[in-house]
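S.K.:
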Amino acid sequence: MAGLALDGSNPDVSLLYDINGLAKDAPHWFDRVMEFVGEYGIIIGLGLVLLGAWWSVRKRPQDAPSAVAGLIWAPLAAGLALLANIPIREFVQRPRPFKDHQGLDVLVAGKTDFSFVSDHATLTMAIAVGVFMASRTYGAAAIGLALLEGFCRVYMGVHYPTDVIGGFALGTAVALLLAPLAMMLLTPLTTAIAGSRAGRLVRAGTSPTAGEAAEEDVPEFPGSRSSGSGSGGERRNKDLAA
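Mapping of the sequence shown onto the working numbering: residues 2 to 243, in sequence order.
#1: Is Y161 helix, strand or coil when you go by DSSP?
#2: Taking all protein chains shown into account, decide if Y41 is buried (16 or more other Cβ within 10 angstroms of its Cβ) or exposed.
#3: With distance defined between alpha-carbon atoms, name the residue in T173, I194, T163 and A27 nearest to P98.
#4: Quick one, which of D13, Y18 and V203 has its alpha-carbon nearest L105's?
#5: Between A127, E36, N11 and D26, which has its C-alpha nearest V155's C-alpha?
#6: Which residue comes first and which comes last in the alpha helix (DSSP H) that contains N86?
#7: If you reduce the DSSP assignment to three classes, tell me which class V109 lands in.
#8: Hey, is the stretch 127-135 in contact with the stretch 71-86, meaning 3+ C-beta pairs nearer than 8 Å?
#9: If I follow the unbroken alpha helix (DSSP H) through H29, where does it start and stop?
#10: Less than 8 Å separating the beta-carbons of A180 and R59?
#11: Work out the CA separation of T191 and S119 for me, nearest whole Å.
#12: Taking 8 Å as the threshold, find out whether the stretch 169-186 comes into contact with the stretch 23-39 through three or more Cβ pairs.
#13: Give the secondary structure of P12 by DSSP, where H, G and I count as helix, E and B as strand, and everything else as coil.
#14: To the nearest angstrom, how far is the alpha carbon of V109 from that of H102?
#15: Have a look at G80 and G172 and give me their C-alpha separation to the nearest angstrom.
#16: Which two residues bound the contiguous alpha helix (DSSP H) that contains D114?
#17: Between P96, L178 and C153, which lies nearest to L23 when the distance is taken from Cα to Cα?
#18: Within 10 angstroms of the Cβ of T188, are there 16 or more other Cβ atoms? Answer buried if so, exposed if not.
#19: Is the Cβ-Cβ distance between G158 and N21 less than 8 Å?
#20: If you draw a straight line from the C-alpha of E150 to the C-alpha of G53, how long is it?
#21: Note down, in chain order, each residue of its chain lying with its Cβ closer than 6 Å to the Cβ of F169, except the 5 sequence neighbours on either side.
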């Protein structure tokens, strides 16, 4: 497994040299910017996107609790995906590309762990997919940031392109496959919060009163509304007759 992509004719290696070669031709200041963006900047950006998505979905009149639950799931999915990557890394044991290939411009020194799959790609795509399930607008922006993260990792010379693709696949799989269970557990929690004094965390505006919350949570059976209005009408007729 450790011998993956060692052949210079391999497209994985060729693409690595093509993308990392951009760093050699770029100004020094631009490489420093890419280093910060690839290590920390995009993760910070995803945090801001997640915050913006939360502020937006709170304004939905009906599905705010489920949407907020989806946004809570996004970072949780990223954490689980990173845990899942630990045995994958140990099984594949793929060295970093700069250890097997000469002439790479490595922007971040001190990377001694295994290369496959990329933790950064895994984390960012898991968050992006989670956000997309709650808000397509913010999710599209998050996916764009995740793709940029993958490019940065190859540009920096610390990952093969297939490391990034593997990370995207792992993050997406964890976020999607475990989402039904996560939503089943998280949605009742956010619904309860929506009806409490901390309701602004889930719904914009004032939180509903206990009576309003109960009315929202009770399903409306066929004829229930008409029967209620009928009994109210009967009471009004009796009052008029009296």
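Note that the Cβ used here is the ideal one computed from N, Cα and C, for glycine as well.
M.R.: Taking the definition as stated:
#1: Locating residue 161 in the sequence shown gives position 160, where the first residue counts as 1. For Y161, the three-state secondary structure derived from DSSP is coil.
#2: Reading the sequence shown from its first residue, position 40 is the one you call residue 41. It is exposed - the Cβ of Y41 has fewer than 16 other Cβ atoms within 10 Å.
#3: Here residue 98 refers to the residue found at position 97 when the sequence shown is read from its first residue. The residue among T173, I194, T163 and A27 with its C-alpha nearest the C-alpha of P98 is T163.
#4: As a position in the sequence shown, residue 105 is number 104, starting the count at 1. Cα-wise, what sits closest to L105 is Y18.
#5: Here residue 155 refers to the residue found at position 154 of the sequence shown. Of A127, E36, N11 and D26, the residue nearest in Cα terms is E36.
#6: Here residue 86 is taken as the residue at index 85 of the sequence shown, counted from 1. Going by DSSP, N86 is part of the alpha helix (DSSP H) stretching over A65 to V93.
#7: If you number the sequence shown from 1, residue 109 lands on position 108. Looking at V109 - three-state DSSP - the assignment turns out to be coil, as it is neither helix nor strand.
#8: With a cut-off of 8 Å, the stretch 71-86 and the stretch 127-135 count as touching, because enough Cβ pairs lie within range.
#9: As a working note, residue 29 is residue 28 in the sequence shown. Residue range H29 to F37 is occupied by the alpha helix (DSSP H) that includes H29.
#10: Locating residue 180 in the sequence shown gives position 179, counting from the first residue. Locating residue 59 in the sequence shown gives position 58, counting from the first residue. A distance of 8 Å or more separates the beta carbons of A180 and R59.
#11: Residue mapping note: residue 119 aligns to position 118 of the sequence shown, counting from 1. Residue mapping note: residue 191 aligns to position 190 of the sequence shown, counting from 1. Taking the straight line from one Cα to the other gives about 32 Å.
#12: Judged by Cβ distances under 8 Å, the stretch 169-186 makes no contact with the stretch 23-39, as fewer than three pairs qualify.
#13: Stepping through the sequence shown from its first residue, residue 12 is reached at position 11. Helix, per DSSP.
#14: Start at 1 with the first residue of the sequence shown, and residue 109 comes out as number 108. Start at 1 with the first residue of the sequence shown, and residue 102 comes out as number 101. If you draw a straight line from the Cα of V109 to the Cα of H102, it comes to about 16 Å.
#15: Along the sequence shown, read from residue 1 onward, the residue named residue 80 stands at position 79. Along the sequence shown, read from residue 1 onward, the residue named residue 172 stands at position 171. Cα-Cα distance, rounded: 10 Å.
#16: For the purposes of this step, residue 114 is taken as residue 113 along the sequence shown, with counting starting at 1. Judged by DSSP secondary structure, D114 falls outside any alpha helix (DSSP H); it is assigned neither H nor E.
#17: On the sequence shown, position 22 is the one that residue 23 refers to. Nearest Cα to L23 within the set P96, L178 and C153: C153.
#18: Residue numbering aside, residue 188 sits at position 187 when the sequence shown is read from its first letter. With 16 or more Cβ atoms within 10 Å of its Cβ, T188 is classed as buried.
#19: For this step, residue 158 is matched to residue 157 along the sequence shown. For this step, residue 21 is matched to residue 20 along the sequence shown. The Cβ atoms of G158 and N21 sit closer than 8 Å to each other.
#20: On the sequence shown, residue 150 is found 149 positions in, with the first residue counted as 1. On the sequence shown, residue 53 is found 52 positions in, with the first residue counted as 1. Cα to Cα, E150 sits roughly 20 Å from G53.
#21: Translated into positions along the sequence shown, residue 169 becomes position 168. Result list for F169: A122 and M126, in chain order.
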